[in-house]
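Beneath this line is the structure, given in structure tokens, with notes to follow.
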Amino acid sequence: MNPFDVSDHSDFSLTPRPRRGPGGDHGIDRPVCRVVPLKPEPRLLETYLPEIRFAVDDTEPADWIWACGYEPGDFDRVLGLRNVHPGTRFLVTGRRLGPELRTDLSRAGVDVVLDWPQPLRALRDRLVSS
């Protein structure tokens, strides 16, 4: 299943919702989510989630850090990112994230742990809700 293929979701529509008022790209000041792909996989997230500006570098402050493709061997890298960005909300996604991994990630300061693939609407709601 391609998590970015929305063709099979007849009720799927995304309407940008401003979080901080007018300004920024497309007339909306969108929250910034820095994507940290733990495995090199190009994504076109902004095509499907236009209300979020995704960044892959440290050139501007981010509202979220998203560590994608988490596996048990990635814990130290996630912990390092958490330590470098202590005030930024932190999202981790991965396949088959059992209760023990979720507990460890929570103790490391990760705010949200989600299984992947994740419905884009649920992902969007998490990233723009706060």
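The numbering used here applies: residue 5 is where the sequence shown begins, and numbers increase by one.
We put the CB at the ideal spot given by N, CA and C, even for glycine.
No experiment lies behind these values; they were computed from the predicted model shown.
Inset, instruction - Could you tell me which residues DSSP puts in a beta bridge with Thr92? - result: Within the sequence shown, residue 92 is the residue found at index 88, counting from 1. Its beta-bridge partners do not exist; DSSP assigns none.
Inset, instruction - Under the assumption that Val117 contacts Arg106 (Cβ atoms under 8 Å), give the Cβ distance between them as a whole number of angstroms. - result: Residue mapping note: residue 117 aligns to position 113 of the sequence shown, counting from 1. Residue mapping note: residue 106 aligns to position 102 of the sequence shown, counting from 1. That pair is a contact at about 5 Å.
Inset, instruction - Kindly indicate which three-state DSSP category Asp29 falls into: helix, strand or coil? - result: As a working note, residue 29 is residue 25 in the sequence shown. Bear in mind that the predicted position of Asp29 carries a pLDDT of just 49, short of 50, making it too unreliable to give a figure here.
Legend entry - Whole-angstrom distance between Asp62 and Leu53, CA atom to CA atom: Taking the sequence shown and counting its residues from 1, one reaches residue 53 at position 49. Taking the sequence shown and counting its residues from 1, one reaches residue 62 at position 58. One alpha carbon belongs to Leu53, the other to Asp62, and they sit about 20 Å apart.
Inset, instruction - Please work out which residues of its chain come closer than 8 Å, Cβ to Cβ, to Ser110, disregarding the five sequence neighbours upstream and downstream, and give them in chain order. - result: Translated into the one-based positions of the sequence shown, residue 110 becomes position 106. In its chain, beyond the 5 residues on either side, Val117 have a beta carbon closer than 8 Å to the beta carbon of Ser110.
Inset, instruction - Just the C-alpha distance for Pro121 and Arg130, rounded to the nearest angstrom, thanks. - result: As a working mapping, residue 121 is identified with position 117 in the sequence shown. As a working mapping, residue 130 is identified with position 126 in the sequence shown. Pro121 and Arg130 have their C-alpha atoms spaced approximately 14 Å apart.
Legend entry - For Gly73 and Pro41, the rounded distance between their alpha carbons: Here the question's residue 41 lines up with position 37 in the sequence shown. Here the question's residue 73 lines up with position 69 in the sequence shown. Each residue's Cα considered, the two are about 7 Å apart.
Legend entry - Environment of Arg128 [buried if 16+ CB atoms lie within 10 Å]: By 1-based counting over the sequence shown, the position of residue 128 is 124. By the 16-neighbour rule on beta-carbons within 10 angstroms, Arg128 is buried.
Inset, instruction - State yes or no: is the C-beta of Pro35 within less than 7 Å of the C-beta of Ile56? - result: The residue given as residue 35 occupies position 31 in the sequence shown. The residue given as residue 56 occupies position 52 in the sequence shown. In contact: Pro35 and Ile56 (Cβ atoms closer than 7 Å).
Inset, instruction - May I ask you to report which of helix, strand or coil DSSP gives Gly84? - result: Looking up residue 84 in the sequence shown gives position 80. In the structure shown, the three-state DSSP call for Gly84 is helix.
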